[in-house]
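> Take a look at this one; I'll ask things after.
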Amino acid sequence: MRSLTIVAALSLTALAQPAAQSDPKTAALGWIDANASTLNRVNRNIWGWAETGLEEHKSSRELQDLLRANGFTVESGVADMPTAFVASFGSGRPVIGILAEFDALPGLSQDATAERKARPEVMAGHGCGHSVFGTASSAAAIGVKQAIASGAVKGTVKLFGTPAEETGIGKTYMLREGFFKDVDTILSWHAGDTTRASWDFSKGIVSVKFKFEGLPAHASTSPHRGRSALDAVELMSVGVNYMREHVKEDTRIHYVITNGGGQPNVVPPEAEVWYYLRANKHTDVEESYLWLTEIARAAAAMSRTKLVETRIDSDMHEVLPNRTLVEVIQKNLELVGPPVFDEREKAFARALQKDLKPAPALALAERVEPLPAGPPEQGLHSTDVGDLTWFFPVGQLTVATYAYGAPGHSWQIVACTGMSIGEKGMMVAAKALAGSAIDLYRSPDLIQRARNDLKTMVGSQKYLTLIPEGQKAPRTIR
Ligand SMILES: [Zn+2]
7 MRSLTIVAAL
17 SLTALAQPAA
27 QSDPKTAALG
37 WIDANASTLN
47 RVNRNIWGWA
57 ETGLEEHKSS
67 RELQDLLRAN
77 GFTVESGVAD
87 MPTAFVASFG
97 SGRPVIGILA
107 EFDALPGLSQ
117 DATAERKARP
127 EVMAGHGCGH
137 SVFGTASSAA
147 AIGVKQAIAS
157 GAVKGTVKLF
167 GTPAEETGIG
177 KTYMLREGFF
187 KDVDTILSWH
197 AGDTTRASWD
207 FSKGIVSVKF
217 KFEGLPAHAS
227 TSPHRGRSAL
237 DAVELMSVGV
247 NYMREHVKED
257 TRIHYVITNG
267 GGQPNVVPPE
277 AEVWYYLRAN
287 KHTDVEESYL
297 WLTEIARAAA
307 AMSRTKLVET
317 RIDSDMHEVL
327 PNRTLVEVIQ
337 KNLELVGPPV
347 FDEREKAFAR
357 ALQKDLKPAP
367 ALALAERVEP
377 LPAGPPEQGL
387 HSTDVGDLTW
397 FFPVGQLTVA
407 TYAYGAPGHS
417 WQIVACTGMS
427 IGEKGMMVAA
437 KALAGSAIDL
447 YRSPDLIQRA
457 RNDLKTMVGS
467 QKYLTLIPEG
477 QKAPRTIR
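When we follow my numbering, the leftmost residue of the sequence shown carries the number 7, and every step to the right adds one.
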């Protein structure tokens, strides 16, 4: 029943196109405006399914269907990930890539309500706003397609459907497998609580799982015959927490125990701990990572267990922002204007800010922030966009899609993303991305300048990944 509804809706989408217009930007932005209700529905579907990394089958399909219905050729299941895809339209250079994410976060089930209320049917939620992310990026690509199809600009637009961003897998393996190799520039955005071009660095991060093996035994009748793998995990945590005192201030180390044994009367024969290790510079991640692995080996020695696996699923570099591209984005953001929220939306935002401390200064951000003139700011987050920025000029922006001051990965973000607040921001993002892409098609000079910026930004730094050579994308995350 539902799929019939989608097919009907999509054929309407393909029809709802504005008349051919000579100005490519008007054509692109016009398509996005004319299809707002379809885009909202796509967001609500992805938001509702709330599928986590590498499990985003319906969400990925939803975006692919939208793109196919609008004339894109879609290659799906790329780079050994069933939910990764590349959708293309047009031919020749320049090739402009737009990134789409669509994975949700576990443990963040939340309704589109201003109070905390889990949805009984799902365990996860779009606490990073990736449902509006994927939808806006796809809309931007289709908007650009209108301009290419009308002959007003020449080149190719590629929408990269990049799964499992929350664990840094999608783009990392798509890059390794060569799926980005022919792009000239890449544009992306992220949900946020302000609207601005992203003139900032992110942190580098490695994601690594340590698996220990001990000996099972009755924990009361024969504990002397057992060796606890959980002891190794705990000793490793103690060691790492002492290590914290002697790493650079910008280092972040966080972990979860993914297997701590079955029940107390069995000495745990297997245990696993999953670490994220971050620093502003990837070179510092590389250095601390060596220390982390030494602690893991030492913990195994202390508990007389074995460290049987050290598995790096993903390793991400810090984002290197591109001045030329953020200036193009800034211009387009100012042209499109910030999202404008109504009283009902402001009341919704204020209600869900109730428990936030300190109390946010405003309900929702409604202006385009000025582009800072100085060097890039340092962000505290990490993203697999980072690795792309070492090889291609990448421009990014954030748009206000949730209540001001809401913490990242929170139920407040899930709530806003599933209603009009998130969707107003989504429309602004789609238009700013499409407008920026069109400026790039029209000015090869901008692309060249962006390439030069990239060269200067990388300078003499070397790109080194901790992912073993030849390793394929993981099939599952947990
Ligand atoms: Zn995110």
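Virtual Cβ for every residue (Gly too), placed ideally from N, Cα, C.
Could you name the residues of the same chain whose beta carbon sits closer than 7 Å to that of G411, not counting the 5 residues immediately before and after it, in chain order?
D199, Q359, L362, P366
> N46 to I52, Cα distance in whole Å?
10 Å
> Measuring CB to CB, does D451 end up less than 8 Å from P327?
Taking 8 Å as the Cβ cut-off, D451 and P327 do not qualify as a contacting pair.
> Just checking H224 against ligand 1 - is the residue's beta carbon closer than 7 Å to any of the ligand's heavy atoms?
no
> Around the C-beta of T330, are 16 or more other C-beta atoms found within 10 angstroms, so that it is buried, or is it exposed?
buried
> If we count the other Cβ atoms within 10 Å of its Cβ and call it buried at 16 or more, is D86 buried or exposed?
exposed
> What did DSSP end up calling H415 once you bin it into helix, strand or coil?
coil
> Flag this pair as yes or no: are the beta carbons of M322 and T389 separated by less than 8 Å?
yes
> At a threshold of 7 Å, does H136 count as lining ligand 1 (C-beta to nearest heavy atom)?
Answer for H136: yes, Cβ within range of ligand 1.
> Does the distance between the C-beta of E324 and the nearest non-hydrogen atom of ligand 1 fall short of 7 Å?
no
> Is it right to say Y248 is buried, meaning 16 or more other beta carbons lie within 10 angstroms of its own, or is it exposed?
Counting Cβ neighbours within 10 Å, Y248 comes out exposed, since fewer than 16 surround it.
> What are the boundary residues of the beta strand (DSSP E) that includes N265?
The continuous beta strand (DSSP E) containing N265 extends over residues 258-265.
> Excluding the 5 residues preceding and the 5 following P274 in the sequence, name in chain order all residues of the same chain whose CB lies nearer than 6 Å to its CB.
Once the five neighbours on either side are set aside, the close Cβ partners of P274 are S234, A235, L236, G267.
> Going by the CB atoms, is the gap between A170 and D71 shorter than 8 Å?
No, they are not a contact pair.
> Shorter than 7 Å, the distance from the beta carbon of E183 to the closest heavy atom of ligand 1, or not?
no
> Skipping 5 residues on each side, what residues in its chain have a beta carbon closer than 7 Å to that of A223?
P229, R231, G232, V273
> My understanding is that I192 touches G131, with C-beta atoms under 8 Å, so please give their C-beta distance in whole angstroms.
Between G131 and I192 the Cβ distance is about 27 Å, and since that is not below 8 Å, they are no contact.
> Which class does A197 belong to by DSSP, given the choice of helix, strand or coil?
strand
> Quick one, which of K352, V212, Q269, W280 has its alpha-carbon nearest T289's?
Checked all of K352, V212, Q269, W280; the closest Cα to T289 is V212.
> Within 10 angstroms of its Cβ, does R350 collect 16 or more other Cβ (buried), or is it exposed?
exposed
> With a cut-off of 8 Å on the beta carbons, I'd call Q402 and S204 a contact; round off their distance for me.
4 Å
> Have a look at V244 and E324 and give me their C-alpha separation to the nearest angstrom.
28 Å
> Pick helix, strand or coil for Q70, following the three-state DSSP scheme.
helix
> For the region 179-194 and the region 119-128, state whether three or more C-beta atom pairs, one from each stretch, are separated by less than 8 Å.
no
> To which residues of the same chain is K448 closer than 8 Å at the C-beta, ignoring the five residues directly before and after it?
With the sequence shown as reference, residue 448 is identified as Arg, and Lys is not the correct amino acid for it. Contacts found: P30, V159.
> Taking all protein chains shown into account, do 16 or more other C-beta atoms lie within 10 angstroms of the C-beta of D459, making it buried, or fewer, making it exposed?
buried
> Establish whether the CB of I335 and some CB of chain B are separated by less than 8 Å.
Protein chains in the displayed structure number just one, and chain B is not present.
> For W55, which of helix, strand or coil comes out of DSSP?
helix
> Just checking E498 against ligand 1 - is the residue's beta carbon closer than 7 Å to any of the ligand's heavy atoms?
There is simply no residue 498 to check, as the chain begins at 7 and stops at 484 in what is shown.
> Starting from the N-terminal side, write out each stretch of the alpha helix (DSSP H) that is 4 residues or longer and does not extend beyond the region 150-235.
176-182
> What residue range is occupied by the uninterrupted beta strand (DSSP E) comprising V374?
Counting along the chain, V374 falls outside any beta strand (DSSP E), and DSSP gives it neither H nor E.
> Which same chain residues, not among the five before or five after A479, have their C-beta less than 7 Å away from its C-beta?
A85, D86, M87, I175, Y179
> List the endpoints of the continuous beta strand (DSSP E) containing W280.
Counting along the chain, the beta strand (DSSP E) containing W280 begins and ends at 276-285.
> Have a look at Q64 and V128 and give me their C-alpha separation to the nearest angstrom.
The residue you asked about is not Gln; residue 64 is Lys in the sequence shown. So the two alpha carbons sit approximately 14 Å from each other.
> To the nearest angstrom, report how far apart P376 and L114 are at their CA atoms.
33 Å
> Pop quiz: P344 and V214 are said to be a contact at Cβ under 8 Å. What is the actual Cβ separation, rounded to whole angstroms?
About 40 Å separates the two Cβ atoms, so there is no contact after all.
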